[in-house]
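S.K.: Residue numbers (our numbering): 1014 to 1357.
Next up is a structure, given as structure tokens.
In structure tokens:
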């Protein structure tokens, strides 16, 4: 079988690691390990794509230039955005449609670019790769493309998460991981602490303006000494936070996949998550689900979880087995089939 040459956008894997960067890096490694795909990385160390003006130039000028120059069989844009005139055939990974839902805070220019404009541009992709079935269904509806154009390729859990050996109850805190932004709804988890004396909440993830609202609510409820916003932490520090947590809480009201709670399952941690469709899809019956946005429901679920009864321990054990099906090698296999369907 002929070896495919794929131009893969890896720009987001540089600098401070983020979800976009993790996806690009792990997919690149998994594809390279196959041997039947030659990867040409689309990246430029001189670009800071986390500044809006530079991101705009990267998407519309630099990335397109590098993609054309690569002379690849397929071009794959992994960051959820693409140029106005993309080279073909091309694949766009669209992790979610948060900007179209109004679930992300941003300037007027950012909402226009990442929302309405990219909605139009994404229709030019020959295929759109989605992380979950829930994300796929919403992409079809909100982008207004034919269902055949959107393919579920998934996401994976690194092997390192399976060897953390959590120290049950060691830290007497519940952990929440993800960007501290409005749609992640950290305030609901915080309010649950009112009914959980002695339990602390630690959040790990980049801070946005929403963090000020979280801090204000913690002060209002006299919980400031039990709530810690760590901000961005290194991967090693993140592993330690998972290892020493009593449980993992994920109150997010909207996700395209939801990797942090899946990583918690892999680590053997009990998980409490918002009862939204994508969490049911990704976590199966291995988590305890609480009503989205209702702190009392989260308090009840966390109280039961922190008691570490036999059913909680059994569910955590099943969670490790469940998480093992989400591998980057299987993502790479599905992606390679997608590439070949376009390359002919």
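Idealized CB from N, CA, C, for every residue including glycine.
Keep in mind that this is a model prediction, so the values were computed, not measured.
1) Any C-beta of chain C sitting closer than 8 angstroms to the C-beta of residue 1041?
2) Leaving out the 5 sequence neighbours to the left and right, which residues in its chain are closer than 8 angstroms to residue 1212 when beta-carbon positions are compared?
3) According to DSSP, is residue 1245 part of a helix, a strand, or is it coil?
4) Go ahead and label residue 1244 buried or exposed: buried means 16 or more other beta carbons lie within 10 angstroms of its beta carbon, across all protein chains shown.
5) I need the straight-line Cα distance from residue 1119 to residue 1070, nearest angstrom please.
6) Once DSSP output is grouped into helix, strand and coil, what is the label at residue 1186?
7) Residue 1175 by DSSP, collapsed to three states: which one?
8) Taking one C-beta from the stretch 1339-1348 and one from the stretch 1161-1173 each time, how about it: are there three or more such pairs within less than 8 angstroms?
9) List the whole-angstrom C-beta distance separating residue 1284 from residue 1261, where the pair is believed to meet the contact cut-off of C-beta under 8 angstroms.
10) Taking the continuous beta strand (DSSP E) assigned at residue 1239, which residues delimit it?
11) Check whether the stretch 1076-1092 touches the stretch 1115-1131, taking contact to mean three or more Cβ pairs, one atom from each stretch, closer than 8 angstroms.
12) Do residue 1263 and residue 1295 come within 8 angstroms of each other at the CB atom, strictly closer than that value?
13) Between residue 1349 and the rest of its own chain, which residues show a CB-CB distance below 8 angstroms, the 5 nearest in sequence each way excluded?
14) Could you compute how far the alpha carbon of residue 1289 sits from the alpha carbon of residue 1305?
15) By Cβ distance below 6 angstroms, which residues in the same chain neighbour residue 1106 in space, the five residues on each side in sequence not counted?
16) Ignore the nearest five residues each way along the sequence and tell me which others in residue 1231's own chain have a CB closer than 7 angstroms to its CB.
17) Measure the Cβ-Cβ separation of residue 1077 and residue 1096 and say whether it is below 8 angstroms.
18) To the nearest angstrom, how far is the alpha carbon of residue 1193 from that of residue 1133?
19) Helix or strand or just coil, what does DSSP make of residue 1289?
20) Report the rounded CA-to-CA distance for residue 1058 versus residue 1309, giving the unit in angstroms.
21) Can you tell which of 1330, 1234, 1217 and 1174 has the C-alpha that lies nearest to the C-alpha of residue 1209?
M.R.: According to the structure shown:
1) Absent here is chain C; the protein component of the structure consists of one chain.
2) By the criterion of a C-beta distance shorter than 8 angstroms, residue 1212 is surrounded in its chain by 1185, 1186, 1187, 1206, 1239, 1259, 1315 and 1319, once the five residues flanking it on both sides are discounted.
3) The answer is coil: DSSP assigns residue 1245 none of H, G, I, E or B.
4) Around the beta carbon of residue 1244, fewer than 16 other beta carbons sit within 10 angstroms, so the residue counts as exposed.
5) When rounded, the distance between both Cα atoms is 18 angstroms.
6) The three-state reading of DSSP puts residue 1186 in strand, counting E and B together.
7) In this structure, DSSP gives residue 1175 a helical state, which the three-state scheme calls helix.
8) Touching, yes.
9) The beta-carbon separation of residue 1284 and residue 1261, rounded to 5 angstroms, stays under the 8 angstroms limit for a contact.
10) Element bounds for residue 1239: n/a, residue is neither H nor E.
11) Contact between the stretch 1076-1092 and the stretch 1115-1131 is not established, with fewer than three Cβ pairs separated by less than 8 angstroms.
12) In terms of Cβ geometry, residue 1295 and residue 1263 do not form a close pair [threshold 8 angstroms].
13) 1017, 1044, 1047, 1049 and 1050.
14) Rounded to whole angstroms, residue 1289 to residue 1305 spans 7 angstroms at the Cα level.
15) So the list reads 1091 and 1142, once near-sequence residues are dropped.
16) Non-local C-beta neighbours of residue 1231 in its own chain, meaning closer than 7 angstroms and more than five positions away in sequence, comprise 1203, 1237 and 1240, ordered along the chain.
17) Annotated as proximal: residue 1077 and residue 1096, with beta-carbon spacing under 8 angstroms.
18) For residue 1193 and residue 1133, the distance between alpha carbons rounds to 28 angstroms.
19) Residue 1289 falls in the coil class under three-state DSSP.
20) Residue 1058 and residue 1309: Cα-Cα distance of roughly 47 angstroms.
21) Taking only the C-alpha atoms, the option nearest residue 1209 is 1234.
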